[in-house]
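Chemist: Sequential numbering of the sequence shown, starting at 924, is according to the working numbering.
My questions all concern the structure below.
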Amino acid sequence: QYLSTDVLAQFSITLHLHLASSIAHLTIMGEAWTETQEGISIFFFSFSSLLALVLVLSKFLHDSKIMSMILPEAGMVLLVGIVAGFFLSLFVDDNIENDDDAAENVAESLLSFSAKIFFLALLPPIIFNSGYHLRREMFLRHLTPICLLAFIGTFVSTLVIAFLLYWVSNAGWTDGFEPTLTELLTFGALISATDPVSTLAVFQSKRVDPHLFYLVFGESVMNDAVGLVLFNAFAKFVSHHNTAGKVTLGILEFCVIFIMNFAGSLVLGIISGILAAMLLKYVDMRQNTLLELTLYIMIMYVPFLLAEILQLSGIVTILFSGIAARRYVVPNLSESTDEHADVFFRLAAHIAETSIFLELGLSVAGLSGRGLFDWAFIMWSLLACLVGRALNVYPICVAYNVSLRKPVPSMHDETTDPTTSYQADDDDGHSHVEMTDQTCIKDDASTDSSSPEKSSRPQRPEMA
């Protein structure tokens, strides 16, 4: 179900990337509705009505156990958007014949997806809420495989997608559409970053194993920085005469910029949380909870916007802002503000997720009926995404799992202590003891096989 939702999202994103000029044209046409108060009212009334409809349908979906097992909530919202977009596209065609410009512009705006609204308004609440409610111990426990999948995996996926599409286009299977290799490398970097919105929407609703959740979610958030830097690096080679030296210099530049980008985004996010904590500590606002809550929720947007200004990864920044806020700011809040902020962050994230999937569905239906797509290239791109994903996930997971399998020490080896342990801290700061080896504890003085004390020590979980 996660894959089906992510494929739908990737499919919609592929359509937008392939026809960026067409989307820009539709957006320009749709801006006329903002010139009148009536147009603005019609737009927000229409979108609010659709949003209310999908929220009601989500309630019935959750009540039906059979339907909820077949169709995830995010997929249902996408389908509602596609159906609504189909009828809106018919409405646009009718008004074009009747020269009704006002109605046409409002409908065009509903059928076009604004990238600026997505990145600057809808995405920050989702990622911040994820970091805010993140289980730090679980996330840090899987930090090594997360980084392997995000860094190496995204780079491998980019190369696989680019070279596979380059081979397909040279074979003449894309109906005459033949992009250059540098263009395909740029496209591969942009499309290789997995979608954290789909991960959150499906995994949270299905309550999947937390190890799998934090592994996939952590990787989907981290690879944003990789995809951003890769895209900027490959984009410099588009429409230019490239030599081997220039390509080598570009690769070295990518490595340096990536390290600076990721490290800068992480540090900026943590510093933002610490500064917010210091502000609320020394400016005591516990007696005025309304002002305290209003000031606190600004942390959901300010670090993200600052990162975008500094050309860093806003997603990585706001993720670690949420983690730092939960750790350092909450102790300086009043109890009521803490409770209200928690509800507000969840509410904002849910509305943003629903709006994104609804807009994706509307835009797919709005653009698909214009006959401007190279469907062959789109289908090959979708296949290339799945192949690239498989060729980086499976080898990395296998290699990491193999690295976890340590040889079992011999029971006759007197130098090996099977009870070796180490002390760690959990989320609440309390110390607990965990065993470092994965062998079974055997009591040499006991031969009773039914004894509950002869149980296996908990093993370190492998990657799913």
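Using N, Cα and C, we set each Cβ at its ideal position, and we do this for glycine too.
Is the stretch 1051-1064 in contact with the stretch 1255-1274, if contact means three or more CB pairs nearer than 8 Å?
Modeler: Yes, the stretch 1051-1064 touches the stretch 1255-1274.
Chemist: With a 10 Å radius around its C-beta and 16 neighbouring C-beta atoms as the bar for buried, classify residue 1207 as buried or exposed.
Modeler: Here residue 1207 is taken as the residue at index 284 of the sequence shown, counted from 1. Exposed, by the Cβ-count rule.
Chemist: Can you tell me whether residue 1317 is buried or exposed? The criterion is at least 16 other CB atoms within 10 Å of its CB, across all chains shown.
Modeler: Locating residue 1317 in the sequence shown gives position 394, counting from the first residue. Residue 1317 is exposed by the Cβ-count criterion.
Chemist: Beta-carbon within less than 8 Å of residue 1252's beta-carbon, same chain only, minus the 5 sequence neighbours each way: which residues are those?
Modeler: As a position in the sequence shown, residue 1252 is number 329, starting the count at 1. Taken in chain order, the residues that qualify are 1196, 1199, 1200, 1203, 1219 and 1222.
Chemist: Can you tell me whether residue 1343 is buried or exposed, with buried defined as 16 or more other CB within 10 angstroms of its CB?
Modeler: As a position in the sequence shown, residue 1343 is number 420, starting the count at 1. Per-residue confidence for residue 1343 stands at a pLDDT of 43, beneath the threshold of 50, marking its modelled position as unreliable; the derived number appears in the next sentence. Exposed is the call here.
Chemist: Around the Cβ of residue 1325, are there at least 16 other Cβ atoms within 10 angstroms (buried) or fewer (exposed)?
Modeler: One-based indexing of the sequence shown puts residue 1325 at position 402. Result: exposed.
Chemist: Under 8 Å: do the stretch 1170-1184 and the stretch 1253-1262 share three or more Cβ pairs, one atom per stretch?
Modeler: The answer is no - the stretch 1253-1262 does not touch the stretch 1170-1184, with fewer than three Cβ pairs under 8 Å.
Chemist: Between the C-alpha atoms of residue 1250 and residue 1092, what's the straight-line distance to the nearest angstrom?
Modeler: For the purposes of this step, residue 1250 is identified with residue 327 of the sequence shown, where counting begins at 1. For the purposes of this step, residue 1092 is identified with residue 169 of the sequence shown, where counting begins at 1. If you take the alpha carbons of residue 1250 and residue 1092, they lie about 51 Å apart.
Chemist: Would a C-beta distance cut-off of 8 Å place residue 1155 and residue 1235 closer than the cut-off?
Modeler: By one-based count along the sequence shown, residue 1155 stands at place 232. By one-based count along the sequence shown, residue 1235 stands at place 312. For residue 1155 and residue 1235, no; Cβs fall outside 8 Å.
Chemist: Taking 8 Å as the cut-off, decide whether the C-beta atoms of residue 1152 and residue 1114 are in contact.
Modeler: Translated into positions along the sequence shown, residue 1152 becomes position 229. Translated into positions along the sequence shown, residue 1114 becomes position 191. Not in contact: residue 1152 and residue 1114 (Cβ atoms no closer than 8 Å).
Chemist: Which residue from 1298, 1213, 1275 and 1280 puts its Cα closest to that of residue 1261?
Modeler: Here residue 1261 refers to the residue found at position 338 when the sequence shown is read from its first residue. That would be 1213, whose Cα lies nearest to the Cα of residue 1261.
Chemist: Would the beta-carbon of residue 1066 fall within 8 Å of that of residue 1089?
Modeler: What you label residue 1066 is simply residue 143 of the sequence shown in a count that begins at 1. What you label residue 1089 is simply residue 166 of the sequence shown in a count that begins at 1. Cβ atoms of residue 1066 and residue 1089: not closer than 8 Å.
Chemist: Taking buried to mean at least 16 other C-beta atoms within 10 Å of its own C-beta, is residue 1133 buried or exposed?
Modeler: Here residue 1133 refers to the residue found at position 210 of the sequence shown. So residue 1133 ends up on the exposed side.
Chemist: Put residue 1219 into one of helix, strand or coil per three-state DSSP.
Modeler: Counting from one through the sequence shown, the residue named residue 1219 turns up at place 296. Here residue 1219 sits in helix by DSSP.
Chemist: Kindly indicate which three-state DSSP category residue 1363 falls into: helix, strand or coil?
Modeler: Locating residue 1363 in the sequence shown gives position 440, where the first residue counts as 1. Here residue 1363 scores only 36 on pLDDT, less than 50, and its place in the model is too uncertain to base an answer on.
Chemist: Cutting at 7 Å between CB atoms, please list the residues of its own chain near residue 1319, excluding the five before and the five after it.
Modeler: Residue numbering aside, residue 1319 sits at position 396 when the sequence shown is read from its first letter. Counting only Cβ-Cβ distances below 7 Å, and skipping sequence neighbours, we find 1071, 1072, 1075 and 1076.
Chemist: Just to confirm, is the Cβ distance from residue 997 to residue 1125 under 8 Å?
Modeler: Reading the sequence shown from its first residue, position 74 is the one you call residue 997. Reading the sequence shown from its first residue, position 202 is the one you call residue 1125. Going by C-beta atoms, residue 997 is nearer than 8 Å to residue 1125.
Chemist: Just mark residue 1315 as buried or exposed, buried being the case when its beta carbon has 16 or more other beta carbons within 10 Å.
Modeler: Residue numbering aside, residue 1315 sits at position 392 when the sequence shown is read from its first letter. Its Cβ being crowded by 16 or more others within 10 Å, residue 1315 is buried.
Chemist: Express the C-alpha separation of residue 1000 and residue 1006 in angstroms, rounding to a whole number.
Modeler: Taking the sequence shown and counting its residues from 1, one reaches residue 1006 at position 83. Taking the sequence shown and counting its residues from 1, one reaches residue 1000 at position 77. If you take the alpha carbons of residue 1006 and residue 1000, they lie about 10 Å apart.
Chemist: How big is the Cα-Cα spacing for residue 1146 and residue 1248?
Modeler: Taking the first residue of the sequence shown as 1, we reach residue 1146 at position 223. Taking the first residue of the sequence shown as 1, we reach residue 1248 at position 325. Residue 1146 and residue 1248: Cα-Cα distance of roughly 22 Å.
Chemist: So, helix, strand or coil for residue 1127, using DSSP?
Modeler: Here residue 1127 is taken as the residue at index 204 of the sequence shown, counted from 1. Helix.
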